[in-house]
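Colleague:
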Ligand SMILES: Cc1ncc(COP(=O)(O)O)c(C=O)c1O
């Protein structure tokens with residue numbers, strides 16, 4: 065058990081000598097990477113639908129069980145191309161609680177995002193949170209499988225079709241997740257994934273769109289490139305969103321390690337769940353049974369009254385210990401459309417704002433052992449137990 069002065073924030077030694085990250089940081093063995101990169105150098109084929117990108121298009125489609133996979137530069141570009149490919153106009157309803165790329169991709173596609181609140185328990189949109197925002201200008205719904213949980217397609221698909229709306233998904237967190245045995249990537253018109261280094265499948269950067277619609281796939285393939293590609297379809301616009309051979313090489317190797325990395329994530333997730341459940345005011349997000357997840361995200365809510373301190377104090381004290389946890393995607397709604405001249409967000413978003421105030425993501429990188437998880441949870445417990453003296457010390461420092 066810590067004394068207050070032992071915390072690194074107050075001048076003690078950090079609990080961890082090197083930083084623990086929220087990002088997954090999955091790295092295949094160096095020998096395998098070296099061999100794959102030597103192949104690229106030997107072929108002198110670095111870009112423009114090279115053999116590794118073609119192989120990844122095929123392997124990722126097989127992995128998802130979808131008919132088509134179209135790999136691109138990153139998850140944001142995947143969302144932009146998908147949104148533009150669907151021939152929509154007017155307004156698209158999108159969760160207020162998501163990574164900013166989800167919303168900004170709609171602006172890039174010339175659409176107007178209309179933010180709706182999320183369900184307080186799952187952190188995702190539902191027909192109930194979407195319905196009040198449907199207007200005669202609404203043409204689509206962009207749902208997000210947040211934290212790798214499926215954003216219930218069984219409810220959203222009939223809801224969208226009853227209202228005559230197109231449905232597509234941001235699946236950037238959800239590689240390998242499934243809903244009732246069917247992998248995410250098979251729902252709505254299309255789904256966008258990210259292979260950023262922080263995700264379970266690491267291509268350094270990278271992204272992909274999957275779809276079971278042949279015509280849409282042909283459009284997506286044409287849109288991702290200005291170069292002659294394998295298909296030519298009539299499209300509204302094209303962009304250089306091609307994945308490079310280097311990205312494809314890393315992604316292919318990382319995809320092979322999916323099962324082992326997801327299993328290791330799950331062990332850490334369960335260790336967190338059992339240790340944190342004993343700490344008052346610290347509520348870890350639990351995934352629904354029957355919904356498979358890649359368990360890459362360790363998401364907790366801190367209730368200040370029960371935990372004794374605000375989420376920000378937990379975040380600052382843990383970060384000083386080299387436990388580099390993160391808060392929500394943004395501190396308030398206007399940051400979602402930040403650095404732009406868009407009109408300020410209006411409407412009522414109680415669940416989103418509550419999450420902005422309470423959410424904390426804890427590290428789950430592959431270099432963490434179960435003992436590390438235990439030590440992180442002990443720190444959280446100590447911070448809770450020493451809440452009163454910590455609060456006094458912080459006040460005195462003001
Ligand atoms: C929910 C969500 N959507 C989209 C993205 C964008 O993906 P990328 O970083 O590959 O552009 C991210 C990235 O973290 C994300 O978390």
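Numbering (this note's numbering), first residue to last: 65 to 462.
All residues carry an ideal CB built from backbone N, CA and C; glycine is no exception.
All values derive from a computational prediction rather than experimental measurement.
Determine, using beta carbons only, whether residue 423 and residue 365 come nearer to each other than 8 Å.
Modeller: Here residue 423 corresponds to residue number 359 of the chain shown, with the count starting at 1. Here residue 365 corresponds to residue number 301 of the chain shown, with the count starting at 1. Closer than 8 Å, so yes.
Colleague: For residue 135, list the residues DSSP reports as bridge partners.
Modeller: Taking the chain shown and counting its residues from 1, the one referred to as residue 135 is at position 71. Paired residue(s): 272.
Colleague: Which residue comes first and which comes last in the alpha helix (DSSP H) that contains residue 456?
Modeller: For the purposes of this step, residue 456 is identified with residue 392 of the chain shown, where counting begins at 1. Per DSSP, residue 456 belongs to the alpha helix (DSSP H) from 451-461.
Colleague: Given residue 112, which residues of its chain have a CB within under 6 Å of its CB, disregarding the five upstream and five downstream residues?
Modeller: On the chain shown, residue 112 is found 48 positions in, with the first residue counted as 1. Excluding sequence neighbours, residue 112 sits near 291.
Colleague: For residue 246 and residue 383, I'd like the C-alpha separation in whole angstroms.
Modeller: Counting from one through the chain shown, the residue named residue 246 turns up at place 182. Counting from one through the chain shown, the residue named residue 383 turns up at place 319. Cα-Cα distance, rounded: 38 Å.
Colleague: Can you check DSSP and say which residues form a bridge with residue 300?
Modeller: For the purposes of this step, residue 300 is identified with residue 236 of the chain shown, where counting begins at 1. DSSP lists no bridge partner for residue 300.
Colleague: Could you check if residue 71 belongs to the surroundings of ligand 1, using beta carbon to heavy atom distance under 7 Å?
Modeller: To locate residue 71, count along the chain shown from 1; it is residue 7. Residue 71: no, Cβ never under 7 Å from ligand 1.
Colleague: So, with DSSP's three-state summary, where would you put residue 189?
Modeller: The residue you call residue 189 lines up with position 125 of the chain shown. DSSP, reduced to helix, strand and coil, places residue 189 outside both helices and strands of the structure shown, so it counts as coil.
Colleague: Whole angstroms are fine: how far does the CA of residue 283 sit from the CA of residue 73?
Modeller: Within the chain shown, numbered from 1, the residue matching residue 73 stands at position 9. Within the chain shown, numbered from 1, the residue matching residue 283 stands at position 219. Going from the Cα of residue 73 to the Cα of residue 283 covers about 53 Å.
Colleague: Exposed or buried, residue 444, counting other C-beta atoms within 10 Å across all chains shown (16 or more means buried)?
Modeller: The sequence position of residue 444 within the chain shown is 380, counting from 1. The Cβ neighbour count for residue 444, taken over all protein chains shown within 10 Å, is at least 16; the residue is labelled buried.
Colleague: What I want to know is whether the C-beta of residue 156 ends up closer than 7 Å to one or more non-hydrogen atoms of ligand 1.
Modeller: Position 92 of the chain shown holds residue 156. False, no ligand heavy atom lies under 7 Å from that Cβ.
Colleague: Among 84, 287, 279 and 451, whose alpha-carbon lies nearest the alpha-carbon of residue 345?
Modeller: Looking up residue 345 in the chain shown gives position 281. Measuring from the Cα of residue 345, the nearest candidate turns out to be 451.
Colleague: I'd like to know whether the C-beta atoms of residue 231 and residue 252 end up nearer to each other than 8 Å.
Modeller: The sequence position of residue 231 within the chain shown is 167, counting from 1. The sequence position of residue 252 within the chain shown is 188, counting from 1. The answer is yes: Cβ separation under 8 Å.
Colleague: If we require 4 or more residues per run, which alpha helix (DSSP H) segments fall completely within the segment 288-352?
Modeller: 309-320 and 322-340
Colleague: What residue from 147, 233, 314 and 193 has the CA that sits closest to residue 97's CA?
Modeller: By one-based count along the chain shown, residue 97 stands at place 33. Nearest of 147, 233, 314 and 193 to residue 97, Cα basis: 314.
Colleague: Indicate, with yes or no, if ligand 1 has a heavy atom lying under 7 Å from the CB of residue 143.
Modeller: For the purposes of this step, residue 143 is taken as the residue at position 79 of the chain shown. The answer is yes for residue 143.
Colleague: Taking three-plus beta-carbon pairs below 8 Å as touching, is the segment 317-326 in contact with the segment 190-210?
Modeller: no
Colleague: Does the structure place the segment 261-275 close enough to the segment 180-200 that three or more beta carbon pairs sit under 8 Å?
Modeller: The segment 180-200 is not in contact with the segment 261-275.
Colleague: For residue 193, count neighbouring Cβ atoms within 10 angstroms of its own Cβ and tell me buried if that reaches 16, exposed if not.
Modeller: Here the question's residue 193 lines up with position 129 in the chain shown. Looking at its Cβ environment, which holds 16 or more other Cβ atoms inside 10 Å, residue 193 is buried.
Colleague: Would you report the Cα separation of residue 464 and residue 305, rounded to the nearest angstrom?
Modeller: The question about residue 464 has no answer, for the chain in this structure spans 65 to 462.
Colleague: Does the beta carbon of residue 161 fall short of 7 Å from some heavy atom of ligand 1?
Modeller: If you number the chain shown from 1, residue 161 lands on position 97. For ligand 1, not one heavy atom lies less than 7 Å from the Cβ of residue 161.
Colleague: What is the DSSP secondary structure of residue 425, reduced to helix, strand or coil?
Modeller: In the chain shown, the residue the question calls residue 425 occupies position 361. Three-state result, residue 425: strand.
Colleague: How long is the line joining the alpha carbons of residue 420 and residue 392, rounded to whole angstroms?
Modeller: Reading the chain shown from its first residue, position 356 is the one you call residue 420. Reading the chain shown from its first residue, position 328 is the one you call residue 392. Looking at the two C-alpha atoms, the distance is approximately 6 Å.
Colleague: Give me the Cα-Cα distance between residue 300 and residue 191, rounded to the nearest whole angstrom.
Modeller: The residue labelled residue 300 in the question sits at position 236 within the chain shown. The residue labelled residue 191 in the question sits at position 127 within the chain shown. Cα-Cα distance, rounded: 30 Å.
Colleague: Run the proximity test for residue 258: is its beta-carbon closer than 7 Å to any non-hydrogen atom belonging to ligand 1?
Modeller: By one-based count along the chain shown, residue 258 stands at place 194. Answer for residue 258: yes, Cβ within range of ligand 1.
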